[in-house]
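Visitor:
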Amino acid sequence: MAYAAIQPRVTAVRLMKWMLFLGLSLVVSACGNGATPNTSTNAAACDNTKDPAAPVNLNLKTFEVAVADFPHTDYLDYFRAIQPNSSASGNPGDAQAMADSIGTLMQPFIAYSGTPYSSYTKVRNPLDLIDDLISTNAIDNFNIGRQYIATCIAAGNAVKYNNNSVAFSDISAGTTDPSKDFYNNWSYQLSWTTEPDYGKVTRVILARQLVIDNTSKLPQDISLQSIYDQNTFSASGYNAPQSNIFGYTLYNGDSGNSKTVMNFRQTFVKTNTDELDLATQASDTSASNAATSPPTFQFDGKAIRCLKATLDYSAMTMTILTSTNAPTSTDQSCFATTPGGSVQKTSYATDPTAAASRQ
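In this note's numbering, the protein residues as written are 202 to 560.
Below, the structure is given as structure tokens:
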């Protein structure tokens, strides 16, 4: 994968778009503690006691991320690549309907805008937002944290930048009180960890839209783990991951009785695959409640409870498993039975142009 470096001129423009400090001028260091990063490559000066993480509390004009400004949003490549190959005579007749169902099911988790979904123009979700802000060097303390990680990679030390106090507010709604407006106030935990024995850097993001109660249909308990090659890890700009693992929980608006869980795994090296797992679950899966079935959701006109969709970019194929089974405390898999009956399997050839242009 090749990514163009984000130029300083672009960064300056994006900062003006993103950042509006109430009662303050546009000063990036207001976002962090203003500490000077340790640029020494001396191993003795690089350990976890030097972690520069400091609270970040940022007011933004908007939480929306435009694809034109940040082309590395999490799912655009996937949506493009799941489109069926119109020249493949062996594809099932409902291949397009299956692809479209995936786009519809993923909308609540990533909040894309623009049609068709495979060409969305902007998104509004916690993971794309923070990734954009990191990549455009918009937050001083994150910049210092990445410099600390890069320095310790050079020194060969295993260290961690660990920030448990990150909060963003979308002030376009006119309020920054999380107790009154959860939709426009998001909190995060962010860490980078060096793993010199494996030549990797791991980034973990935990995000939460501050949902007041579980009757809301907004996702929460959002997570992303990304793995990077330490040899190409940069202290500025966009870092291309080798793999991503996403996790989301979405309450179904039924007073907390059920939830929809989505996991998404991306592998950019070796297998070059994306795998989507989506399932509804009873919130209580204890043995006493094991018989309680969570609600179904619609996929390609069918009522199911579990979906697994694996896209192989190299083979240009999409393999889909669906199930009406429900996971329980003793059997977390919806696909324990052989395909047939409650479990169905199908596949189709995907658009070769979209697969080849994966970013």
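Backbone N, C-alpha and C fix where the C-beta goes; we use that ideal spot for every residue, glycine too.
Just how far apart, CA to CA, sit Q431 and V402?
Guide: On the sequence shown, position 230 is the one that residue 431 refers to. On the sequence shown, position 201 is the one that residue 402 refers to. When rounded, the distance between both Cα atoms is 6 Å.
Visitor: Nearest-angstrom Cα distance between E594 and C353?
Guide: Here the chain has residues from 202 to 560 only, and residue 594 is not among them.
Visitor: Below 8 Å on the Cβ atoms is my guess for D339 versus V324; work out the distance and round it to an integer in Å.
Guide: Counting from 1 along the sequence shown, the entry for residue 339 is found at position 138. Counting from 1 along the sequence shown, the entry for residue 324 is found at position 123. The residue you asked about is not Asp; residue 339 is Ala in the sequence shown. The pair is not a contact, with the Cβ atoms about 17 Å apart (cut-off 8 Å).
Visitor: Buried or exposed, going by whether 16 or more other CB atoms sit within 10 Å of the CB of Y399?
Guide: Within the sequence shown, residue 399 is the residue found at index 198, counting from 1. Exposed, because fewer than 16 other Cβ atoms sit within 10 Å of the Cβ of Y399.
Visitor: Between the Cα of S548 and those of V266, L261, N249, P285, spot the shortest distance and give me the residue it belongs to.
Guide: Mapped onto the sequence shown, residue 548 falls at position 347. Measuring from the Cα of S548, the nearest candidate turns out to be P285.
Visitor: Can you tell me which of the three DSSP states Y389 falls into?
Guide: For the purposes of this step, residue 389 is taken as the residue at position 188 of the sequence shown. Strand, per DSSP.
Visitor: Should A504 be labelled buried (16 or more other beta-carbon atoms within 10 Å of its own) or exposed?
Guide: Reading the sequence shown from its first residue, position 303 is the one you call residue 504. It counts as exposed.
Visitor: Please report the residue range of the alpha helix (DSSP H) in which Q297 lies.
Guide: Working through the sequence shown from its first residue, we reach residue 297 at position 96. Here the alpha helix (DSSP H) through Q297 covers 296-311.
Visitor: From M307 to P293, what distance separates their C-alpha atoms?
Guide: Here the question's residue 307 lines up with position 106 in the sequence shown. Here the question's residue 293 lines up with position 92 in the sequence shown. Approximately 22 Å, taken between the alpha carbons.
Visitor: Using 8 Å as the threshold, is the stretch 549-556 in touch with the stretch 516-524, meaning 3 or more CB pairs across them?
Guide: Result yes; three or more Cβ-Cβ pairs closer than 8 Å.
Visitor: Please report how far the alpha carbon of T481 lies from the alpha carbon of K251, in whole angstroms.
Guide: Reading the sequence shown from its first residue, position 280 is the one you call residue 481. Reading the sequence shown from its first residue, position 50 is the one you call residue 251. T481 and K251: Cα-Cα distance of roughly 43 Å.
Visitor: Give, in chain order, every unbroken run of the beta strand (DSSP E) that is at least 3 residues long and sits entirely within the stretch 427-487.
Guide: Those beta strand (DSSP E) runs which fall completely within the stretch 427-487 and span 3+ residues are 444-452, 459-468, 474-483.
Visitor: Do V405 and C247 count as a contact pair if the criterion is CB distance below 8 Å?
Guide: The residue labelled residue 247 in the question sits at position 46 within the sequence shown. The residue labelled residue 405 in the question sits at position 204 within the sequence shown. No, Cβ-Cβ distance for C247 and V405 is not below 8 Å.
Visitor: Run through the DSSP bridge pairs and tell me what L259 is partnered with.
Guide: The sequence position of residue 259 within the sequence shown is 58, counting from 1. L259 pairs with F369.
Visitor: For V470, is the classification buried or exposed, using 16 other Cβ atoms within 10 angstroms of its Cβ as the cut-off for buried?
Guide: Within the sequence shown, numbered from 1, the residue matching residue 470 stands at position 269. Exposed is the call here.
Visitor: Hey, would you say T305 sits closer than 8 Å to G315, going by beta carbons?
Guide: The residue you call residue 305 lines up with position 104 of the sequence shown. The residue you call residue 315 lines up with position 114 of the sequence shown. No, these two residues do not count as a Cβ contact at 8 Å.
Visitor: Taking the alpha carbon of I303 as the point to measure from, which residue in T511, V544, S543 has its own alpha carbon closest?
Guide: Working through the sequence shown from its first residue, we reach residue 303 at position 102. Selected option, being the one with the closest Cα: T511.
Visitor: What residues are listed by DSSP as bridge partners for R559?
Guide: As a working note, residue 559 is residue 358 in the sequence shown. Partner(s): none; R559 has no beta bridge.
Visitor: Reducing DSSP to helix, strand and coil, say where Y362 ends up.
Guide: Looking up residue 362 in the sequence shown gives position 161. Note: Y362 maps to strand in three-state DSSP.
Visitor: Pull up the distance between the alpha-carbon of L328 and that of F343, whole angstroms please.
Guide: Position 127 of the sequence shown, counting from 1, holds the residue named residue 328. Position 142 of the sequence shown, counting from 1, holds the residue named residue 343. Between L328 and F343, the C-alpha separation is close to 15 Å.
Visitor: Please report how far the alpha carbon of N490 lies from the alpha carbon of A483, in whole angstroms.
Guide: Here residue 490 refers to the residue found at position 289 when the sequence shown is read from its first residue. Here residue 483 refers to the residue found at position 282 when the sequence shown is read from its first residue. Residue confidence is low: N490 scores 49 on pLDDT, short of 50, so the model does not pin down where it sits. Its coordinate-derived value is still stated next. Their backbone Cα atoms lie some 8 Å apart in a straight line.
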